[in-house]
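Colleague: Residue numbers (this note's numbering), protein chains in the order written: chain A, 10 to 507; chain B, 33 to 432; chain C, 41 to 373; chain D, 54 to 376. Please find one structure pasted underneath; my questions will follow.
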Amino acid sequence: MGEVILTMKEIDKSFPGVHALDHVSFEVRKGEVHALMGENGAGKSTLMKVLTGIYKKDSGTIVYEGKEVEFHNTREAQDAGVVIVHQELNMLGHLTVAQNIFIGREFKKGIAIDDKKMNEEAAKLFDMLHIDIDPSETMSNLTVGKQQMCEIAKAISHKAKVIVFDEPSAALTEAEIDELFKIIRDLRKQQLGIVYISHRMDEIKVITDRVTVMRDGTYVGTLITEECTKDDIINMMVGRVIYEDPKQHSMVPENAPVVLKVEHLNAGRMVQDVSFELRKGEILGFSGLMGAGRTETARAIFGADPKESGDIYINGTKVTINSPEDAVKCGIGYLSEDRKRYGIVVQKTIAENSTMATLEKYMKGLFINKRAERGIAQEYVDSLATKTPSVDQLVVNLSGGNQQKVVIAKWLVRNCDILIFDEPTRGIDVGAKNEIYKLMNKLAEEGKSIIMISSEMTEILRMSDRIIVMCEGKKTGEVDIEEASQETIMNMATREIS
Amino acid sequence: MKKKILATLLCASLAATLLAGCGGSGNDASSASSDAATTDESKPAEDNTADDADAATEAEEDTTAVATTGGDYKFEIIVKSYQSSYWQAAVTGVNQKAEELGVTVNCTGPNAESDIADQVNMLNNAINNAPTGIGLAACDQEACLDSLQTAMDKGIPVVCFDSGIPSAPEGSVLATIATDNYAAGATAAENLYPALKDKIAAASAPVRIGEVNQEATSESITSRGLGFIDKIIELAKADSKSVAVIGNEYYVNNCSDKGDEASADIIIEVAVPAQTTVELCATEASAILNKADTIGMFGSNQVAAEGILTANENLDVLGTDPETSILAAGFDAGSVIKGAITSGKMFGAVTQSPLAMGQTTVEVLTKIANGESVSDVPTQGYWYDSTNMEDASIAPNLYD
Amino acid sequence: MSKSSAAGTQNKSVISRLGGQKFIVLLVVIGLIIFFGAASPDFRKYSTAMSILDYSYYIALMAIGVTFPLITGGVDLSIGTGLICYSLTGGFLIVQKGWPVGAGMLVALLLGIIMGLFNGVLVAVMNLPPFLATLCTCMITRGLGSIFANRLGISWPTSGTEGSWFRNIFKITVNGTKIPLGFLWVLLLVALMAFVLNHTKIGRYTIAIGSNKEATILSGINVKFYHIMAYVISGFFAGLAAIAYSAVFSTVQPGTGAGFELEAIGGAIIGGVSASGGVGSVEGSLIGVFVICLLKTGLPYIGLQANWQQIITGLVLIGAVLIDIMKKKKEKD
Amino acid sequence: MEKLKQNPIVVKLGFNRIVLCGVLLLMYLLFSVLGENFAGIPRILSALNYAYFLGFLSLGVTFVIATGGIDFSIGPVMFCSALVSGYCLTSYGVPMALSLVISILVGALFGTFNGYLVSHWSVPPFIVSMASMNIAKGVASVFTKTQSVSWPQGTSEQGWFRSLIKVGNFPVGLVIFLAFAVICSVILNKTRAGRYILSLGSNREAVRLSGVNVKKWEMLAYIICGTMAGIAAIFFVAAYTTVQPGYGDQYNNEAIAGCVMGGTSMAGGLASIGGTVIGVFIIALLQEGILALHFTKDYQLIITGIIVIVAVYADVVARRRKN
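Quick look at the structure:
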């Protein structure tokens, strides 16, 4: 491990309503892989965005190669050698791989862009990284994993001195992860500083040299990987033991009736022959890696995307669900992973969002009964403890957790018996997370049935009565909570399907 | 009666000039004023439609005493559009005459002849400006009727030029200065047909005469188109040739005899583009010019004639020799058409005298303002071709 | 199952290698030519081809230009009235003020560029929705053209007169045969702009902006500049189109021009430019324009009145887009 | 200033709306001072004539823009409605009342066509507009055999429809127009249709995933728009008598401008009927005032364009500040 190449000191950053970074410090040395860990919303990505100039810090200093710097945009950061491989892929789908890699710094021959040379250079990069991708392929034709590789190649091509990997492995298969690690070790040998953000404990142990843990926007501590155990890290991350506690046994009575039965559901590449049952009062966890097909399955059940085949039974009766409208009529509610895009109408008030699925019940003749609407909205603001001055508040002004509660309220107003929670706590701070968990448990106790899709292992283990694991569009396992462990689930989630 | 109205109009307009702040030196105009006063009282029918106008006239009565009988007239002239140089010539004529007579004119007009609503707004606006008189070349015969009524109620005399308004309220339009478009269209046929006669006589198969009209809605265009068609039919029948009219339904249904395409010796094909623009006229024209049996063409206004010439830029089939080329007759002048006639691309054209028309309009309006009686002034369509373009009777009418 | 899908992708790649929608539309163009040719002997004449080409220049030039804003995911509605505005102003200076023809043409081009710049600033810097921004400039150019030209209809110098040399740019007579020189220029410009689109930074970033503007900004590219450039190109080509229009149709009338842009945009979309941006090609737009021009010029030959032509053009437009949508749907499934 | 903006009454009415009203009044004062005989009833009546049909077009298109779509076939559709129904009236002897109904029906039909293609086939609204604009012009032209149609004069037996605009000097049209504006406002703000139209303009997917039949509501917006174009046709002919086939597109821009000027956002989700009404009045007053000052329509177009740019820019800036 070499000298320190990058130091971030006392970085502070607030967004309206959220103190995202509270005087966080962090450093990277040459030739080390430094893991940055923490729950979702702990502030890892924000910290890295401050580093690369996407966000402007409120206070604090960044010292890079001995000089204090402040990058104003990613371009400046790149030019200085600080490159980020984003969690959300920043690809230009209509351009080719090589064109994406060299975007903004194309090789030129006269005034023309020298695509041939770019292809050659990209090919060289891929050779070096031992990746098999055709540089002239259109980006959108690649799998998510391949696209990720391109992002890495792009970062490396920047002659980077510090590379930040923001959850690079989330979408990758085992084999691809091995590839990735090989590359990272190579880079470490070349004395690059590497920041590795991940949730996966196993990976941290395998690849990193040091671990820095963040929680709720604060710095918790830094450990030498070799000297610590997994539990040490987890304790630092969670801060509260309760997180680590898996549910010990299912809360669902043996004789609980099956409310939802899905048989041989097929919908494109991402949903292949999925079958399962959901019982009354059960929380059924759906686990798997990013891109495993869980969300797609949920959307197909809900009628949001067309399905090719498969039967759905509600309370034993076969139903036809071709649109969300049908699904809602069958008593299914869907809380999307991406609230802003699929869950709420941000320019509308809490009251208006709450009755979005049930408006016909709040009519007085032709007109909307605004008083009744506000009444029911207020009822759920109270019972869900949504923090807002009034139900007339525009949803755009609420924090993530409270927005999520509005979405939940929307389905509760509808009185849905089956609720699909897709990543219910993504982007929600820890306190609010606990409230959401409590709420879900309460709903289950009241006899609602819940499908919970989550990428957070702790969440799955804590909440589920039963767990279904998916991988590459197929159901690869189903375990009761009693038998479930991180290892078994991860095993199923990464199982190569023959 | 007519005199009384005139007096009213005069009075109102004089007062209006004053109100508008153009009041000049005061001569004696008390006779006009007293006349006006009596007419006002004798016409209570106005009350229900234009309280406002009445109020205005009343207010003005006291001031008319100081108004002049001469020069301080103000006229609003509204043309159909500014699109073609025809209208530019008319406006030039208006301005020339106005300067000569020492009257004020304000010329307006919509951007396109199809902007009927815009023109109605302009007319209403002109009425609200309370001018001495209004000269109007109406885009549409019906759309202006309400406004004309208002003008009459307010005592503003209207003179129509270029196109008449047959159904105008009695007494609102005091004179019409217009060409008999039907006859003008026929003039084109009269001159074109003899040149084609031999070819028609010699032809073994049916021959085709094309006609491009920019639209099928305005009186002037449709009259010209039908005048041309009917004249050809008449002349052909005299030579015992049968004629069929095909193409645009309006012209087919309203000509004197649409005949039978299968058995006809002469086929008249009428094309109307979707909008009144040169490039669309050109597209239509080139389709007809391209047909092997076409021997003659007629474009019934400047835009249509220019469309034919534009189409010919490629086809190069127009000329003056009926044996080797298609003969085209146009309408109106303008540098493009004039150039084509000089260079032998176009056989000839019918021109009106927009310049004179403009001048006459102002003249007539002034006469009305002076209390003189006026009557309709028919203008003519003149046939011109390369042989007579320089003639003293033609040359002044050939505007650029 | 897997076998057939593999065969499917192979089929797709054959067509996509030939240019996807471009290829299909090219077939449509050829089909239309054959159809009209078979239906009307007059259509088969050389002079007809000349008329179609003449008619196509200004639309084709506009379409080449507007392809760029379309690919950024925007649109430029000001090119139609802009064309008339530039042509009127240039023509006014030539005819009324006695400027040399070359200078008038230059003015037309300059005005185009200025208007493009204005559009670009509105969209890229002030963040106005492209549709609205250019709708406003559409109104503004319509008014300005009329004002600049004193509301007069302008006839550019006609052939045979002094200063008509500029007409030879588009059509030259050699030994009595007319050579459609303009088509050559259009093809050259298509080649040039296809090169610009595919092999220069301007084109690359135009596609990038239409593909994912955020990501393009994150790549550290001066997005504003390149976004503006797309509209400048569009304006410049509207200026070129103004010259072509003046050369072919001589007379320019104030107050017209609204609707030209829709033919150009329609052509571009038929030719495979995606209305949501990111996808499109200059050569595709040209082919698309010919579908529209062929319909416009060809339908009169089979005896269809102008009003039917409009209906058919409308239906063809929807048809073209529907085919595209169906195709995408199928690919997705 | 900031304080003023926070005032509850100001918030309720909308700051932009108040500014627009100020602009309207200022313009009127300006024209009254500068223009000849501008102040007074006749000018206002004349301006209203222009405001009626434009207003109905704008009201209709407000719904479509609220869904995040666009419809610029409204002008030609209005002309098509007026031509088809007028032709029935004058050539087939259809009674006046029925003709008016036909006019509205033709508009509604085009609205349905547009709406169906946009909502059920996901054809981009821009392209649908372009196509149906051509189709409307063509259909009108074919139906009337390329003839213009002149509606009966006020004095004739069937001229009663003109009292829809005014009786004597009383602007009946204004009452009707404002009544429709109120109805539109109620639909937009107090009914399910309005709620869903606005919501789906803001976030279509979220509304769809709430189990709402978005296709139906989106289509409804276009149908309302088409129907309004049909009504606009009646007010157009009542004011201007004659319609000519092949035209109408000159009114698209002004109708959309009026709507957008009033604060309806092209991004969808935000719409203000009150704003639309003021916007329309501004345009109508502008065109009247421009004429009175002896300028040409060209200046009106330019000024309208600039006002829209300013209004939209203000909206963009306000939004950016909010986020």
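Quick reminder that beta carbons are idealized off the backbone N, C-alpha and C, glycines included.
1. For C/G183, which option in B/M184, B/A365, B/N143 has the closest C-alpha, if you only look at C-alpha atoms?
2. Scan the region 246-292 of chain B and note each continuous beta strand (DSSP E) run of 3 residues or more that stays entirely inside, going in chain order.
3. Three or more C-beta pairs under 8 Å: does that hold for the region 152-172 of chain D against the region 330-348 of chain D?
4. Taking the Cβ atom as the reference point for each residue, do C/I154 and C/A304 lie within a distance shorter than 7 Å?
5. Contact check, D/T199 vs C/N159 under 8 Å by CB: the rounded distance?
6. Please go through the same chain and pick out, in chain order, the residues whose beta-carbon is closer than 6 Å to the beta-carbon of A/E291, but skip the five residues on each side of it.
7. Taking the beta carbon of B/F379 as the centre, do at least 16 other beta carbons fall within 10 Å, making it buried, or is it exposed?
8. When you compare the CB positions of A/R109 and A/M148, do they come within less than 7 Å of one another, or not?
9. Considering only C-alpha positions, which residue in the set D/T349, D/F288, D/R261, D/A282 is nearest to A/P333?
10. Alpha carbon to alpha carbon, what distance is there between C/G122 and C/F276?
11. For C/L280, which residues in the same chain have their Cβ closer than 6 Å to its Cβ, ignoring the five residues on either side in sequence?
12. Which residues, in chain order, does the region 190-224 of chain D contribute to contact with chain C at a C-beta distance below 7 Å?
13. Which same chain residues end up closer than 8 Å to A/M466 when comparing Cβ atoms and leaving out the 5 residues on each side of it in sequence?
14. Taking the DSSP output, what are the residues bridged to B/C192?
15. Between the C-alpha atoms of A/I161 and D/G328, what's the straight-line distance to the nearest angstrom?
16. Establish whether the CB of B/A306 and some CB of chain C are separated by less than 7 Å.
17. Going by other Cβ atoms of all chains shown within 10 Å of its Cβ, with 16 needed for buried, is B/S63 buried or exposed?
18. Contact criterion: CB-CB distance below 7 Å. Does C/V319 meet it with respect to chain A?
19. Using a beta-carbon distance cut-off of less than 8 Å, what residues from the region 247-272 of chain D approach chain A?
20. Are the region 313-328 of chain C and the region 137-150 of chain C touching, with three or more C-beta to C-beta distances below 8 Å?
21. Does B/D230 pass the burial test, meaning 16 or more other C-beta atoms within 10 Å, or should it be called exposed?
22. Taking Cβ positions, are B/N156 and D/S99 nearer each other than 7 Å?
23. Look at the alpha carbon of C/S286 and the alpha carbon of C/A234, and state the distance between them as a whole number of angstroms.
24. In the DSSP output, which residue or residues are listed as bridge partners for A/Q281?
25. Can you find a CB in chain C that lies within less than 7 Å of the CB of D/N69?
26. What's the gap between the Cα of B/Q120 and the Cα of D/I236?
27. Which residues in the same chain have their Cβ closer than 7 Å to the Cβ of A/A360, if we skip the five residues on either side of it in sequence?
28. Could you tell me which chain A residues have their CB closer than 7 Å to the CB of C/G260, listed as they occur along the chain?
29. Going along the chain, which residues of its own chain have a beta-carbon closer than 7 Å to the beta-carbon of A/K414, five neighbours each way excluded?
30. Please report the distance separating the alpha-carbon of A/Y446 from that of A/A453.
31. By the 10 Å Cβ neighbour count, where 16 or more other Cβ atoms means buried, how is B/P226 classified, buried or exposed?
32. With C-beta atoms as the reference, is D/V176 less than 7 Å away from D/N167?
33. Under 6 Å Cβ to Cβ from C/S195, same chain only, skipping five residues before and after it: list those, please.
34. Would you verify that the beta carbon of D/T244 is, or is not, closer than 7 Å to some beta carbon of chain A?
35. As a quick exercise: from A/C480, A/I437, A/L448, A/M472, pick the residue whose alpha carbon is nearest that of A/D225.
36. Give every residue of the same chain whose Cβ lies closer than 7 Å to the Cβ of A/G47, excluding the five residues on either side of it in the sequence, and list them in chain order.
Modeller: On the basis of the data shown:
1. Translated into the one-based positions of the third sequence, residue 183 of chain C becomes position 143. The candidate whose alpha carbon is nearest that of C/G183 is B/N143.
2. 275-279
3. No, the region 152-172 of chain D is not in contact with the region 330-348 of chain D.
4. Counting from one through the third sequence, the residue named residue 154 of chain C turns up at place 114. Counting from one through the third sequence, the residue named residue 304 of chain C turns up at place 264. Their beta carbons are not under 7 Å apart, which means C/I154 does not touch C/A304 by this criterion.
5. Residue 199 of chain D sits at position 146 when you count from the first residue of the fourth sequence. Residue 159 of chain C sits at position 119 when you count from the first residue of the third sequence. Actually they are not in contact, since the Cβ atoms of D/T199 and C/N159 sit about 36 Å apart, beyond 8 Å.
6. For the purposes of this step, residue 291 of chain A is identified with residue 282 of the first sequence, where counting begins at 1. Result list for A/E291: V261, S458, D474, in chain order.
7. The residue you call residue 379 of chain B lines up with position 347 of the second sequence. So B/F379 counts as buried.
8. As a working note, residue 109 of chain A is residue 100 in the first sequence. As a working note, residue 148 of chain A is residue 139 in the first sequence. Checking the displayed sequence, the identity of residue 109 of chain A turns out to be Asn instead of Arg. For A/N109 and A/M148, yes; Cβs fall inside 7 Å.
9. Within the first sequence, residue 333 of chain A is the residue found at index 324, counting from 1. Among D/T349, D/F288, D/R261, D/A282, the Cα nearest to that of A/P333 belongs to D/R261.
10. For the purposes of this step, residue 276 of chain C is taken as residue 236 along the third sequence, with counting starting at 1. For the purposes of this step, residue 122 of chain C is taken as residue 82 along the third sequence, with counting starting at 1. C-alpha separation (whole angstroms): 10 Å.
11. For the purposes of this step, residue 280 of chain C is taken as the residue at position 240 of the third sequence. L101.
12. K190, G191, V192, S194, V195, T199
13. On the first sequence, residue 466 of chain A is found 457 positions in, with the first residue counted as 1. Excluding positions up to five away in sequence, the list reads H208, S296, Q495, I498, M499.
14. Locating residue 192 of chain B in the second sequence gives position 160, where the first residue counts as 1. Partner(s): B/L168, B/T208.
15. Here the question's residue 161 of chain A lines up with position 152 in the first sequence. Here the question's residue 328 of chain D lines up with position 275 in the fourth sequence. So the alpha carbons of these two residues sit roughly 51 Å apart.
16. Residue 306 of chain B sits at position 274 when you count from the first residue of the second sequence. Yes, its Cβ sits closer than 7 Å to a Cβ of chain C.
17. Within the second sequence, the letter at position 31 stands for residue 63 of chain B. Here B/S63 scores only 37 on pLDDT, less than 50, and its place in the model should not be relied on; the value that follows carries that caveat. With fewer than 16 other Cβ atoms within 10 Å, it is exposed.
18. Along the third sequence, read from residue 1 onward, the residue named residue 319 of chain C stands at position 279. True, the Cβ-Cβ gap to chain A drops below 7 Å.
19. R248, Y249, L251, S252, S255, N256, E258, A259, V260, R261, L262, S263, G264, V265, N266
20. Verdict: no, contact absent.
21. Here residue 230 of chain B is taken as the residue at index 198 of the second sequence, counted from 1. Counting the other Cβ atoms within 10 Å of the Cβ of B/D230 gives fewer than 16, which makes it exposed.
22. For the purposes of this step, residue 156 of chain B is taken as the residue at position 124 of the second sequence. For the purposes of this step, residue 99 of chain D is taken as the residue at position 46 of the fourth sequence. Yes, the Cβ-Cβ distance between B/N156 and D/S99 is below 7 Å.
23. What you label residue 286 of chain C is simply residue 246 of the third sequence in a count that begins at 1. What you label residue 234 of chain C is simply residue 194 of the third sequence in a count that begins at 1. Each residue's Cα considered, the two are about 25 Å apart.
24. Translated into the one-based positions of the first sequence, residue 281 of chain A becomes position 272. Answer is A/K483.
25. The residue given as residue 69 of chain D occupies position 16 in the fourth sequence. Chain C contact via Cβ: absent.
26. To locate residue 120 of chain B, count along the second sequence from 1; it is residue 88. To locate residue 236 of chain D, count along the fourth sequence from 1; it is residue 183. Cα to Cα, the separation comes out at about 48 Å.
27. Taking the first sequence and counting its residues from 1, one reaches residue 360 of chain A at position 351. Result list for A/A360: E382, R383, A386, V400, D401, in chain order.
28. Within the third sequence, numbered from 1, the residue matching residue 260 of chain C stands at position 220. Neighbours of C/G260 on chain A, chain order: N82, T83, R84, Q87, G113.
29. Residue 414 of chain A sits at position 405 when you count from the first residue of the first sequence. Only L393, T395 meet the Cβ criterion.
30. As a working note, residue 446 of chain A is residue 437 in the first sequence. As a working note, residue 453 of chain A is residue 444 in the first sequence. Rounded to whole angstroms, A/Y446 to A/A453 spans 11 Å at the Cα level.
31. Counting from one through the second sequence, the residue named residue 226 of chain B turns up at place 194. B/P226 should be labelled exposed.
32. The residue given as residue 176 of chain D occupies position 123 in the fourth sequence. The residue given as residue 167 of chain D occupies position 114 in the fourth sequence. Contact: no.
33. Working through the third sequence from its first residue, we reach residue 195 of chain C at position 155. Here the set comprises S290, T291.
34. Indexing the fourth sequence from 1 puts residue 244 of chain D at position 191. Interface residue, yes.
35. Numbered from 1 along the first sequence, position 216 holds the residue referred to as residue 225 of chain A. The residue with the shortest Cα to Cα distance from A/D225 is A/I437.
36. Along the first sequence, one-based indexing puts residue 47 of chain A at 38. Taken in chain order, the residues that qualify are K53, V222, M223, R224, M246.
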